[in-house]
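The next block holds one structure in the form of structure tokens; read it before the comments.
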Amino acid sequence: MGGEDITSILLPPSHVDFYLLDESTAALAQKLTEDWRFARVGMKIERAGIDAAINHYGETAAPELVVIETNDIGEAFIEQLGGLASVCAEGTDAVIIGPSNDVHLYRSLVGMGVRDYLVRPVSEEDMAKVIARTLIDKRGLSGSRLVAVMGSKGGVGATSVAQILAWNIAEALKQKTMLMDVAGSVGSIGIAHGLEPSTTLIEAVRLGGAGTDDDMNRIYQSVSEYLFALVCGGEPILMDPSDPDDIETLVSRVMLKFPVVVVDLSHATRPVQKRLMERAARIVMVTTPTLSALRNARTLLNEIKTLKAHLKETDLVVNMRGMTSSEEVPAREIKDALGLGIEPSATLPYMPKIFAISEATGKSVGQNKNAGCVMEPLMKIAEKASAIECKGIVDKGEKDTLMSFIKKTLGK
């Protein structure tokens with residue numbers, strides 16, 4: 101993976117307490133609260149030392165990780181560590197920040213079970229990486245979410261829904277989000293954001309499998325602070341550059357960096373559509389309220405039900421309501437027409453001018469103050485789509501934590 105830094109991901113839900121003496125160290129800890137990687141990490145910063153920590157945890161349960169700063173690493177501090185261990189659960193880890201760059205001291209503390217020892221002054225990135233790796237070891241990798249947006253047939257507006265959904269997740273919910281399609285030159289996700297293709301799909305697939313982090317960063321384009329896009333094009337439209345295995349490898353690579361990936365499948369090949377819907381944490385099926393579109397939606401929803409064994413993570417979006425009012429299936433009849441017990445999660449009115457302005461100006465629909473009628477109905481889906489789950493997959497083996505080691509020592 102070209103040296104991908106495993107800590108450059110959204111960290112799992114967890115808690116870290118800091119007991120810091122130095123003002124500059126406390127300032128670094130405060131900056132972590134603004135780091136997107138720590139968005140789900142609860143952090144408490146106390147301007148105090150290890151004695152305060154011992155007193156506090158004598159009355160309150162300790163978190164997954166405690167960061168302690170000390171001005172003196174000697175026998176008295178080692179005894180205080182024993183006191184800390186006696187009031188903490190065995191699952192609590194500790195990182196010590198001290199004044200001395202002493203290899204023997206470092207080995208001694210790590211041998212006792214301290215997770216890491218950092219020498220003051222500490223860099224922001226060193227502190228972030230030590231904390232991130234500790235939390236990943238304890239809670240597992242953060243499970244980035246793949247959200248697949250699929251149209252029941254051509255022309256139902258799946259690309260527009262994917263763009264709005266990604267904007268809501270990124271801008272309203274402040275989740276770092278990647279918007280992409282996997283259709284090469286046929287795709288059009290870049291137009292509404294004023295973006296030209298940064299690479300061909302063939303090259304993106306190659307980089308996803310063998311490129312470096314710098315290679316990947318060069319093909320990502322920024323739409324806003326939290327929203328990015330991977331826009332591919334340049335291949336002949338009549339050729340098929342995609343293979344499901346290669347496309348999945350590319351998507352997996354992108355998911356290492358982005359907590360939420362919204363992929364527009366409307367122009368992808370059928371094998372790629374199937375593969376990514378199987379992989380997706382959430383599927384958004386877009387249809388219009390016409391008989392032909394609903395018939396296709398019913399067929400596809402039945403296939404999704406077979407692929408996923410249920411439709412619990414599938415949302416139905418009825419788009420362009422009012423375009424042909426007299427020929428549309430009434431809202432109250434759509435559930436019965438589908439026959440699957442699924443009701444629309446959102447209904448969007450027919451507002452062609454909003455999307456035409458977006459494509460003509462290269463500005464996202466979310467930047468249009470008159471677009472609330474199409475943005476707001478998709479917020480509930482955005483909230484469900486960005487509910488990232490944490491899966492513990494790391495086996496720590498025989499390594500003792502600080503608390504369990506010292507407790508065993510004290511017991512002897």
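Count the sequence shown with our numbering and you get residues 101 to 512, in order. Beta carbons are placed, not taken as given, at the ideal position from N, Cα and C, and that holds for glycine.
Counting only unbroken stretches of 3 or more residues, the beta strand (DSSP E) elements lying wholly within the segment 174-234 are 193-198 and 216-219, in sequence order. Under the DSSP assignment, Leu416 falls in the beta strand (DSSP E) whose first and last residues are Thr414 to Arg421. Ranked by Cα distance from Ile457, the options Ile173, Ser260 and Thr160 are led by Ser260. The Cβ-Cβ distance between Val360 and Ala258 does not fall below 8 Å. Burial state of His367 is buried, judged by a 10 Å Cβ sphere holding 16 or more other Cβ atoms.
Residue burial is scored here from C-beta neighbours: Ile337 has fewer than 16 other C-beta atoms within 10 angstroms and is therefore classed as exposed.
Between Pro297 and Gly334 the beta-carbon gap is near 6 Å, inside 8 Å, which marks them as a contact. In the DSSP assignment, Val261 falls within the unbroken alpha helix (DSSP H) covering Ala258 to Trp267. For Met143, the closest of Ile269, Leu235 and Asn402 by C-alpha to C-alpha distance is Leu235. Residue pairing by DSSP places Met250 opposite Met385 in a beta bridge. In this structure, the alpha-carbon of Ile173 lies about 7 Å from that of Gly198. Pairwise C-beta distances place the segment 200-216 out of contact with the segment 134-154, as fewer than three of them are shorter than 8 Å. For Thr461, the enclosing alpha helix (DSSP H) begins and ends at Pro452 to Thr461.
Beta-carbon to beta-carbon, Thr192 and Val166 are separated by about 6 Å, close enough to satisfy the 8 Å threshold. Ala266 sits away from Leu111, with the two beta carbons spaced by 8 Å or more. The beta carbon of Ser445 sits closer than 7 Å to the beta carbons of Asp415, Leu416, Val417, Lys480 and Ile481 from its chain, once the five residues preceding and following it are set aside; these are given in chain order. In this structure the segment 424-440 touches the segment 389-406; the number of beta carbon pairs closer than 8 Å is three or more. Annotation: the continuous beta strand (DSSP E) that includes Asp281 extends over Thr277 to Asp281. Here Glu164 is buried. Its C-beta has 16 or more other C-beta atoms within 10 Å.
Excluding sequence positions up to five before and after Ala292, its CB lies within less than 7 Å of the CB of Gln263, Ser458, Glu459, Ser464 and Val465, all in the same chain and listed in chain order. With contacts defined by Cβ atoms closer than 8 Å, Val247 and Ala380 form a contacting pair. Less than 8 Å separates the beta-carbon of Asp281 from that of Ile289. At the C-beta level, Glu169 and Leu209 stay beyond 8 Å of one another. Remark: C-beta atoms of Leu327 and Leu279 approach each other more closely than 8 Å. By alpha-carbon distance to Ala304, the top candidate from Thr125, Met339 and Arg353 is Arg353. Ile178 counts as exposed, since fewer than 16 other C-beta atoms from the protein chains shown sit within 10 angstroms of its C-beta. Cβ-Cβ separation between Tyr450 and Gly422: approximately 4 Å, consistent with a contact (criterion under 8 Å).
DSSP, reduced to helix, strand and coil, places Lys144 within a strand of the structure shown. DSSP places Thr160 in the coil class of the three-state scheme, outside both helix and strand.
Per DSSP, the beta-bridge partners of Ile168 are Tyr119 and Ile196. For Leu407, the three-state secondary structure derived from DSSP is helix. Between the alpha carbons of Met385 and Glu413 lies a gap of roughly 11 Å. By the neighbour-count definition (other C-beta atoms within 10 Å, threshold 16), Ala487 is an exposed residue.
DSSP, read as helix, strand or coil, puts Ser352 in helix. The distance from the Cβ of Thr388 to that of Met420 is about 5 Å, consistent with a contact at the 8 Å cut-off. When secondary structure is reduced to three states using DSSP, Ala487 falls in the coil class, being assigned neither helix nor strand.
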